[in-house]
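Peer 1: Residue numbering for the sequence shown follows my numbering, beginning at 83 and increasing consecutively. Pasting in a structure now, in structure tokens, and then I'll have a few things to ask.
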Amino acid sequence: MTSSFSKSWIAILIAGALAGTMVVGITAASAGECPADKVVASDGQKPGATAHKGVTEKLLGQIDLSKEKIALADHHLRMRRLEIAPGGEVAWHSHDDRPALIYIVSGTITEYANTCSVPIVHKAGDLSIESHLSHWWKNSSSKPVVLISADIATDVHDHNM
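Shown next, in the form of structure tokens:
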């Protein structure tokens, strides 16, 4: 990966984060994070949910990055609104090749990441930066959780968070 390529990825992720905060009309606070003494290389939380349950997704917009100055073939920058019903789950998935920013608009949701030995609780106003990890999410509350997801995807039909 060249330096200019890395800078391009960073620029795209920053643009997504800024767009996400504009959509919800407020700025993001720091996210619920894995405690420093609980961070692990890859043997933290194990795969959980194998299919989405109680998840509604709405595509807010996307950009074909092959047509932009970055000229990144077969990649799209997209933004989605996700609602996870009480008891709902987002299936285990990887961010090894699909970086994402997830802004928690409302509610509280728990993340189970392979890079953390304990579950991570995210609350409204948190921003989860997802890169080089695998994880799943569960809404254990009695209220729906609303998220804004900005990610770079190779498959426009990929419905992972």
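Even for Gly, the Cβ is constructed at its ideal location relative to N, Cα and C. In this text, all values refer to a predicted model and were calculated from it rather than measured experimentally.
(1) Less than 8 Å between the CB atoms is what I'm expecting for Glu-171 and Lys-135, so what's the real figure, rounded?
(2) Whole angstroms is fine: what's the gap from Lys-123's alpha carbon to His-214's?
(3) Rounded to whole angstroms, what's the CA-CA distance from Ala-235 to Asp-119? Just pull it up for me.
(4) Using a 10 Å radius around the Cβ and a threshold of 16 neighbouring Cβ atoms, would you call Ser-148 buried or exposed?
(5) Should Glu-82 be labelled buried (16 or more other beta-carbon atoms within 10 Å of its own) or exposed?
(6) Kindly provide the ranges of any beta strand (DSSP E) runs that are 3 or more residues long and lie completely inside the region 107-158, ordered along the chain.
(7) Measuring straight from C-alpha to C-alpha, what distance separates Asp-179 and Val-203?
(8) Which class does Gly-189 belong to by DSSP, given the choice of helix, strand or coil?
(9) Return the Cβ separation of Asn-221 and Ile-186 in integer angstroms, given the expectation that the two are a contact with Cβ distance under 8 Å.
(10) By the 10 Å Cβ neighbour count, where 16 or more other Cβ atoms means buried, how is Ala-182 classified, buried or exposed?
(11) Using 8 Å as the threshold, is the C-beta distance between Pro-161 and Ala-232 below it?
(12) What is the DSSP secondary structure of Gly-169, reduced to helix, strand or coil?
(13) Could you tell me how far apart the beta carbons of Arg-163 and Lys-128 are, in whole angstroms, since I believe they sit closer than 8 Å?
(14) Measure the C-alpha to C-alpha separation of Pro-168 and Thr-197 and round it to an integer number of angstroms.
(15) For the beta strand (DSSP E) containing Lys-220, name the first residue and the last one.
(16) Please state the DSSP three-state secondary structure of Val-228.
Peer 2: Let's see:
(1) Going by Cβ atoms, the distance from Glu-171 to Lys-135 rounds to 5 Å, so yes, they are a contact pair.
(2) In the sequence as displayed, the identity of residue 123 is Ala instead of Lys. Rounded to whole angstroms, the separation of the alpha carbons of His-214 and Ala-123 is 10 Å.
(3) Approximately 32 Å between the Cα atoms of the pair.
(4) Counting the other CB atoms within 10 Å of its CB gives Ser-148 a total below 16, which places it among the exposed residues.
(5) Past the edges of the chain, shown from 83 to 243, lies residue 82, and the structure says nothing about it.
(6) Listed in chain order, they are 135-146.
(7) If you draw a straight line from the Cα of Asp-179 to the Cα of Val-203, it is about 24 Å long.
(8) The DSSP-derived three-state label of Gly-189 is coil.
(9) In this structure, Asn-221 and Ile-186 do not form a Cβ contact; the two beta carbons are roughly 11 Å apart against a cut-off of 8 Å.
(10) Here Ala-182 is buried: its Cβ has 16 or more other Cβ atoms, across all protein chains shown, within 10 Å.
(11) Per the sequence shown, the amino acid found at residue 161 is Met instead of Pro. Taking 8 Å as the cut-off, the Cβ atoms of Met-161 and Ala-232 count as close.
(12) DSSP places Gly-169 in the strand class (E or B) of the three-state scheme.
(13) Their Cβ separation, rounded to whole angstroms, is 29 Å, which puts Arg-163 and Lys-128 out of contact at 8 Å.
(14) Going by the C-alpha atoms only, they are around 25 Å apart.
(15) That run of the beta strand (DSSP E) goes 216-220.
(16) In the structure shown, Val-228 adopts extended strand secondary structure according to DSSP, grouped into three states.
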